[in-house]
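Here full-length UniProt numbering is used: the first residue of the sequence shown is 1, the next is one more, and so on. Even for Gly, the Cβ is constructed at its ideal location relative to N, Cα and C.
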Amino acid sequence: MEAHKEKILSVCNEICKGTLMETLDITYIDVGENFLLARMPVTPRVHQPDGVLHGGASVALAESVGSAASYVFLDGKEFYVRGIEIAANHVKSIKEGYVYARASILHKGRTTQLWEIKITDEEGNLISNCKLTTIALPRK
């Protein structure tokens, strides 16, 4: 994995151009044997009206990193990956800085996968805990 790390991150970041991930300024920054890590700046662009990170932006970050992790770990050349369910618990607010989303596999089935995505701030405080179910559909 270490030998391919930069290539994986480069591909993940490249395919985000012109998408919601680019709009939210999500960047993939680390990958390991069983995780993918991304970060997103917390600025007024992702605030709710009272000036804190919007829960919808957190969920978009979580689904983005979880789906990208499925793509990486399931061979995206062979499968289309789609999120089919997401749940989020927002436990702390944040006004500025960066949030980090780490997707880790909980279940890797042939068809469905279950991911846990922990969103933390720069000090490692939990902001949101998300669970994403993805489905892998064969490309034909």
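Nearest-angstrom beta carbon gap, residue 84 and residue 63 [assumed within contact, 8 Å]
Between residue 84 and residue 63 the Cβ distance is about 11 Å, and since that is not below 8 Å, they are no contact.
Which residue comes first and which comes last in the alpha helix (DSSP H) that contains residue 46?
First-last for residue 46: undefined, no H or E at that position.
If residue 98 and residue 68 are in contact, beta carbons under 8 Å, what's the gap, nearest whole angstrom?
With a Cβ gap of about 18 Å, residue 98 and residue 68 do not count as contacting.
State buried or exposed for residue 124, treating a residue as buried only when at least 16 other CB atoms are found within 10 Å of its CB.
exposed
Is the number of C-beta pairs between the segment 124-140 and the segment 69-81 that are closer than 8 Å three or more?
yes
Please go through the same chain and pick out, in chain order, the residues whose beta-carbon is closer than 7 Å to the beta-carbon of residue 121, but skip the five residues on each side of it.
94, 97, 99 and 127
Cβ neighbour criterion (16 or more within 10 Å) applied to residue 3
exposed
What do you get for residue 66, buried or exposed, if any count of 16 or more other CB atoms within 10 angstroms of its CB means buried?
buried
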